[in-house]
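Beneath this line is the structure, given in structure tokens, with notes to follow.
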Amino acid sequence: DAGITQSPRHKVTETGTPVTLRCHQTENHRYMYWYRQDPGHGLRLIHYSYGVKDTDKGEVSDGYSVSRSKTEDFLLTLESATSSQTSVYFCAISEGSSGTDTQYFGPGTRLTVL
Amino acid sequence: AQSVAQPEDQVNVAEGNPLTVKCTYSVSGNPYLFWYVQYPNRGLQFLLKYITGDNLVKGSYGFEAEFNKSQTSFHLKKPSALVSDSALYFCAVRDINTGGFKTIFGAGTRLFVKA
């Protein structure tokens, strides 16, 4: 999976609790992304980062925040988890941001919010 | 607005037969098009992409895709299916004007290859 790890791989939590998912890359790519995958929706972009401490919102960012203090790490935080955030979360990286750049994906984190 | 449609939730094919997984797109400008495959409990793996040039793009594992601008389609094909090709396939599109941050994924098509 292109030098990308995600932790944890599985998590079950309760509504209202904070949750942080971690993405770690060894490729030294500048761009990193968080997606969620839900049946019938494909993948939808939550947040992305274009450098250390540089982040921006994607199409489904409500209820999520991100941080990137090092090139290799991109954290996704659910401040107060809700059942609608039950999903599979994928991190992706790319070397550049042009339309031609390929995104490479991590193995995913399955999150269940009870 | 950009959009991608994968009209078939599921495609069934016998091993050794040709397979096609369909994708149509809508963008305001020229498209960049991608196909990814997802095996169970794994992330998405890049198969191939169309940027410019030859309309027939060859990718990993014997897959190819044909870009058809007039029909706004980018169908994935393989001449002879293998049981190991059974997986979930995603088509994705970017508008040349918006770059890599706005990648729109289709809902996915599950391919079953029967022995």
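Protein chains in written order, with my numbering: chain F, 751 to 864; chain B, 6 to 120. For each residue, glycine too, the CB sits at the ideal point set by N, CA and C. Because the structure is a prediction, the values reported are computed rather than measured.
Compute the Euclidean distance between the alpha carbons of residue 53 (chain B) and residue 763 (chain F), then round it to the nearest angstrom. Mapped onto the second sequence, residue 53 (chain B) falls at position 48. Mapped onto the first sequence, residue 763 (chain F) falls at position 13. Near 37 Å, if we compare the C-alpha coordinates of residue 763 (chain F) and residue 53 (chain B).
In chain order, what residues of the stretch 68-93 of chain B put their CB closer than 8 Å to some CB of chain F? none
Mind checking the stretch 822-854 of chain F against chain B and listing, in chain order, the residues whose C-beta falls within less than 9 Å of any C-beta there? 840, 841, 842, 844, 846, 847, 848, 849, 850, 851, 852, 853, 854
Chain B contact residues for residue 857 (chain F), given Cβ-Cβ distances below 9 Å: By 1-based counting over the first sequence, the position of residue 857 (chain F) is 107. Within chain B, the residues near residue 857 (chain F) are 46, 47, 48.
Are the stretch 32-52 of chain B and the stretch 836-853 of chain F touching, with three or more C-beta to C-beta distances below 8 Å? yes
Between the stretch 801-815 of chain F and the stretch 66-77 of chain B, are three or more C-beta pairs nearer than 8 Å? no
Mind pulling the chain B residues with CB within less than 7 Å of residue 704 (chain F)? Nothing in the structure corresponds to residue 704 (chain F), since chain F is present only between 751 and 864.
The beta strand (DSSP E) with residue 71 (chain B) in it runs from where to where? Position 66 of the second sequence holds residue 71 (chain B). Segment 69-73, the beta strand (DSSP E) holding residue 71 (chain B).
Given a threshold of 16 other Cβ atoms within 10 Å of its Cβ, counted over all protein chains shown, does residue 759 (chain F) qualify as buried or as exposed? Taking the first residue of the first sequence as position 1, residue 759 (chain F) is located at position 9. Counting Cβ neighbours within 10 Å, residue 759 (chain F) comes out exposed, since fewer than 16 surround it.
Give me the DSSP bridge partner(s) of residue 119 (chain B). Counting from one through the second sequence, the residue named residue 119 (chain B) turns up at place 114. For residue 119 (chain B), which the question treats as bridged, DSSP gives the partners B:19.
On the DSSP letters alone, give me the boundaries of the beta strand (DSSP E) that residue 787 (chain F) sits inside. To locate residue 787 (chain F), count along the first sequence from 1; it is residue 37. Taken as a continuous stretch (DSSP letters only), the beta strand (DSSP E) holding residue 787 (chain F) covers 781-788.
Just to confirm my understanding: we take residue 8 (chain B), look at its own chain, exclude 5 residues before and 5 after, and list those with CB closer than 6 Å. What are they? Indexing the second sequence from 1 puts residue 8 (chain B) at position 3. So the qualifying residues of the chain are 31.
Look up residue 756 (chain F) in the DSSP assignment and say whether it is helix, strand or coil. Position 6 of the first sequence, counted from the first residue, corresponds to residue 756 (chain F). DSSP places residue 756 (chain F) in strand when its eight states are reduced to three.
If we require 4 or more residues per run, which alpha helix (DSSP H) segments fall completely within the stretch 24-61 of chain B? none
Length of the line joining the Cα atoms of residue 821 (chain F) and residue 59 (chain B): As a working mapping, residue 821 (chain F) is identified with position 71 in the first sequence. As a working mapping, residue 59 (chain B) is identified with position 54 in the second sequence. In a straight line, the C-alpha of residue 821 (chain F) is about 36 Å away from that of residue 59 (chain B).
Between which two residues does the beta strand (DSSP E) containing residue 83 (chain B) stretch? Locating residue 83 (chain B) in the second sequence gives position 78, counting from the first residue. Taken as a continuous stretch (DSSP letters only), the beta strand (DSSP E) holding residue 83 (chain B) covers 78-83.
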